[in-house]
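**Q** Below are the structure tokens for one structure; questions will follow.
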Amino acid sequence: MKQIHHILILPDRVVVDDQPVTITTQGADIVTELYRRYMNDYPKFFKMDLLSRLGLVAADILLQTEGAERGAERDDRAVVIVNRHASLNNDRAYEATIQPDNYFPSPSLFVYTLPNVVAGEIAIRNHYLGETACYIAAQEDVEPLIASTFNEHTTSVIGGWLDVTDEKEFIAKLSIWTH
Amino acid sequence: MVFAAAHSILLGEEHSDMSFVERCVYVAREAIEEAGIADNEAQTLLVLSTTKGDNLDLWTPALQIAQALGCTHRPIVVSNACTSGVCAQITAARLLATGPYKYAVVIGCDILTDFIRSGFEALKALSPEPCRPFDSDRQGLNLGEATACLIMARGEEAAGHWVYEAGSIHNDANHITGPSRTGEGSYRCLRDVLPTEIADLACLSLHGTGTPYNDEMESIAVHRAGLDSVPVVSLKGYYGHTLGAAGLLETIVTMRHLDSGLIPAAKGYQHQGTTYALNISAERRTTDKRHFIKLLSGFGGVNAAVRWRKQ
């Protein structure tokens, strides 16, 4: 198994295939800056929580770097997300809408209270009908989990470590993996 | 091969005073004892299936459960929405095939909190009456609570046990909450795990939440896979939707019935409520066949299926 492209997004740094990317913002604003620069054609982005935004943008930059034709349905590429904090950042935002004195549960926040939804968002954007998975695990287990995904159907994986602690602390360390 | 060495279930009303970790440790200890595992420490991997874990934390309880059970390998939490319990079986089978473990303790658990209840309420997915999966008058789902543990083992001494035959996960790439109109992901999962002879299938244990869209989607997927004649098992009428536990609970309950040659009655079902007719009955039926498929689908557009065969 090898990584053919990789990306790192931190609150103060973006690196694609070992090349630093110039950014003008900090924190969660970086994700929006990257969206405007690299995508800017997917308004659904603004409805998403930070975990989904981060994963979607990171995946899109990787796919642009890969340079293969996009848009056709395919089921040979899996999306595998591994992290520590699940969807906790968005869970807290949803929780704030169900306080006894302020009870207005928000369906649009609730749907992002699952950590696998980001994998679904990447699948929807890219018409991937293959496997999507989310694991909460140790960072050392990213590679074994991604390796275990390969089989006769799945011949490449986009994924890796994607963790949001809060708006100030997050990391996307994703790759495109092939045999 | 990988086979089911033991299983254990704890249902909602039995454990309301126990914490998330206590419930998981309880079912796991029961199953470990039944499986007769001598040396947990070196041989056993913990795979936890949950959507909300212990008060929104999924990783800390996994570490606590692993420690309580004496599993020194790093645990893996599978959190793939309502398909988690089936995906966890697939993950365990894959890691058993390649890893240093002999056993995987696969536990499914979710606690029914206001967080979950309010969310399903906000999505208008809840039924005001006991749910009626696949029925023409179905009005939504009931939430339920369970903890279930399946011990999966790698080895050749599987006589009399259920053997893991196949597993598949597919995304609909359609919508994060709405089921696919063509049943795309579920259809592809079914297609991937079919036995050589469809006639060998005792039953299809479906998701059957009782929501109009889910059950319709499943009937389309079953029809597309050519499985209209296979008896359907629908268990949410008994247990409700137990979220991260559902895949394990429903796999184990299906195994237990088939062990006695039975296909459970579809509680709440009366009249055909899907475009394609399913082979479903409100009466308990009998079978002598040895394969079954467990299918689930969930938010994030994910679908998952496994096939088990009685050795």
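As given, the protein sequences belong to chains A and S, one line each in that order. For the first sequence, my numbering puts the final residue at 541, and the numbers step up evenly by one. For the second sequence, my numbering puts the final residue at 312, and the numbers step up evenly by one. Beta carbons are placed, not taken as given, at the ideal position from N, Cα and C, and that holds for glycine. Values in this document were obtained by computation on a predicted structure and should not be read as measured data.
Taking contact to mean at least 3 C-beta pairs separated by less than 8 angstroms, is the region 458 to 468 of chain A in contact with the region 498 to 509 of chain A?
**A** The region 458 to 468 of chain A, when compared against the region 498 to 509 of chain A, does not touch it at the 8 angstroms Cβ threshold.
**Q** For the beta strand (DSSP E) containing G168/S, list its first residue and its last residue.
**A** Here the beta strand (DSSP E) through G168/S covers 163 to 172.
**Q** Going by beta-carbon coordinates alone, are D138/S and A246/S separated by less than 8 angstroms?
**A** Result no, Cβ atoms of D138/S and A246/S do not sit closer than 8 angstroms.
**Q** Sort H515/A, Y404/A, Y400/A by Cα distance to D483/A and report the nearest one.
**A** The identity of residue 483/A in the sequence shown is Glu, whereas the question assumes Asp. Considering only alpha carbons, the answer is Y404/A.
**Q** Thinking C-beta only, is V442/A closer than 8 angstroms to G521/A?
**A** A contact, by the Cβ cut-off of 8 angstroms.
**Q** Would you call the region 433 to 452 of chain A and the region 82 to 93 of chain S in contact, with 3 or more CB pairs under 8 angstroms?
**A** Contact fails: fewer than three Cβ-Cβ distances are below 8 angstroms.
**Q** Throw me the rounded Cβ distance for the N304/S and C190/S pair, which I believe falls under 8 angstroms.
**A** Right, the Cβ-Cβ distance comes to about 5 angstroms (below 8 angstroms), so this counts as a contact.
**Q** Would you identify the three-state DSSP class for T99/S, choosing helix, strand or coil?
**A** Reduced to three states, the DSSP call for T99/S is helix.
**Q** How about N464/A: is its C-beta nearer than 8 angstroms to some C-beta of chain S?
**A** Cβ-Cβ to chain S under 8 angstroms: no for N464/A.
**Q** Contact between the region 270 to 277 of chain S and the region 133 to 151 of chain S: three or more CB pairs below 8 angstroms?
**A** The answer is yes - the region 133 to 151 of chain S touches the region 270 to 277 of chain S, with three or more Cβ pairs under 8 angstroms.
**Q** Taking one C-beta from the region 35 to 50 of chain S and one from the region 88 to 106 of chain S each time, how about it: are there three or more such pairs within less than 8 angstroms?
**A** Yes, they touch.
**Q** Residues in the same chain with beta-carbon distance under 6 angstroms from H217/S, minus the five sequence neighbours each way, listed in chain order, please.
**A** In the sequence as displayed, the identity of residue 217/S is Glu instead of His. Within the same chain, E217/S has close Cβ partners T275.
**Q** Could you give the DSSP three-state label for G109/S: helix, strand or coil?
**A** Of the three classes helix, strand and coil, the one that applies to G109/S here is strand, per DSSP.
**Q** So, are the CB atoms of V87/S and V307/S less than 8 angstroms apart?
**A** Cβ distance < 8 angstroms, so V87/S and V307/S count as in contact.
**Q** Write down every uninterrupted run of the alpha helix (DSSP H) in the region 407 to 475 of chain A whose length is 4 residues or greater and which is fully enclosed by it, in chain order.
**A** You should have 412 to 428, 450 to 457, 469 to 472.
**Q** Excluding sequence positions up to five away, which residues of its chain have a Cβ less than 7 angstroms from the Cβ of P373/A?
**A** Here the set comprises Q388, G389, I392, K530, E531, F532.
**Q** Taking the alpha-carbon positions, what's the A283/S to G168/S distance?
**A** Distance between the alpha carbons of A283/S and G168/S is about 28 angstroms.
**Q** Curious, which full-length alpha helix (DSSP H) runs of at least 4 residues does the region 185 to 232 of chain S contain?
**A** The qualifying runs are 185 to 194, 213 to 225.
**Q** Residue range of the alpha helix (DSSP H) that I392/A falls in?
**A** Here the alpha helix (DSSP H) through I392/A covers 391 to 400.
**Q** Based on Cα-Cα distance, which residue from W309/S, G248/S, S20/S, S235/S lies nearest to R286/S?
**A** Comparing Cα positions, the closest option is S235/S.
**Q** Measuring alpha carbon to alpha carbon, tell me which residue in E34/S, L127/S, Y214/S, R155/S is nearest L96/S.
**A** Of E34/S, L127/S, Y214/S, R155/S, the residue nearest in Cα terms is R155/S.
**Q** Near F300/S, what residues of its chain come up, given a Cβ to Cβ distance below 8 angstroms and the 5 sequence neighbours on each side ignored?
**A** Contacts found: A82, C83, I177, T178.
**Q** Using Cβ-Cβ distances below 9 angstroms, what residues of the region 175 to 209 of chain S are close to chain A?
**A** Result list: N175, H176, I177, T178, E185, G186, R189, D193.
**Q** Going by the DSSP bridge assignment, what does T542/A pair with across the sheet?
**A** Given that chain A is displayed from residue 363 to residue 541, the structure contains no residue 542/A and the question cannot be resolved.
**Q** Say whether chain S places a C-beta atom closer than 8 angstroms to the C-beta of Y404/A.
**A** Not closer than 8 angstroms to any Cβ of chain S, the Cβ of Y404/A fails to qualify, so no.
**Q** Evaluate A430/A with the Cβ neighbour count: other Cβ atoms within 10 Å of its Cβ, from every protein chain shown; 16 or more gives buried, anything less gives exposed.
**A** With fewer than 16 other Cβ atoms within 10 Å, it is exposed.
**Q** Would the beta-carbon of T99/S fall within 8 angstroms of that of S518/A?
**A** Not in contact: T99/S and S518/A (Cβ atoms no closer than 8 angstroms).
**Q** Where does the unbroken beta strand (DSSP E) through V153/S begin, and where does it stop?
**A** Looking at the sequence itself, residue 153/S is Met, so the reference to Val does not match. Segment 147 to 155, the beta strand (DSSP E) holding M153/S.
**Q** Smallest Cα separation from K125/S: which of F116/S, I117/S, G141/S?
**A** Looking at the Cα atoms, G141/S is the closest of the given residues.
**Q** Based on Cα-Cα distance, which residue from P232/S, R182/S, G302/S lies nearest to E213/S?
**A** First, the amino acid is wrong: residue 213/S is Pro here, not Glu. Comparing Cα positions, the closest option is R182/S.
**Q** Looking at chain S, is there any beta carbon in it that lies within less than 8 angstroms of the beta carbon of E531/A?
**A** No, E531/A does not count as interfacial toward chain S.
**Q** Using beta carbons (cut-off 8 angstroms, strictly below), is C349/S in contact with chain A?
**A** The first residue shown for chain S is 2 and the last is 312, placing residue 349/S beyond what the model contains.
**Q** Apply the 10 Å Cβ neighbour rule to S9/S and answer buried if 16 or more other Cβ atoms are within range, or exposed otherwise.
**A** With 16 or more other Cβ atoms within 10 Å, it is buried.
**Q** In chain order, what residues of the same chain have a beta carbon less than 7 angstroms from the beta carbon of F116/S, not counting five sequence neighbours either side?
**A** Excluding positions up to five away in sequence, the list reads K53.
**Q** What does the alpha-carbon distance come out to for the pair Y456/A and D173/S?
**A** Approximately 26 angstroms between the Cα atoms of the pair.
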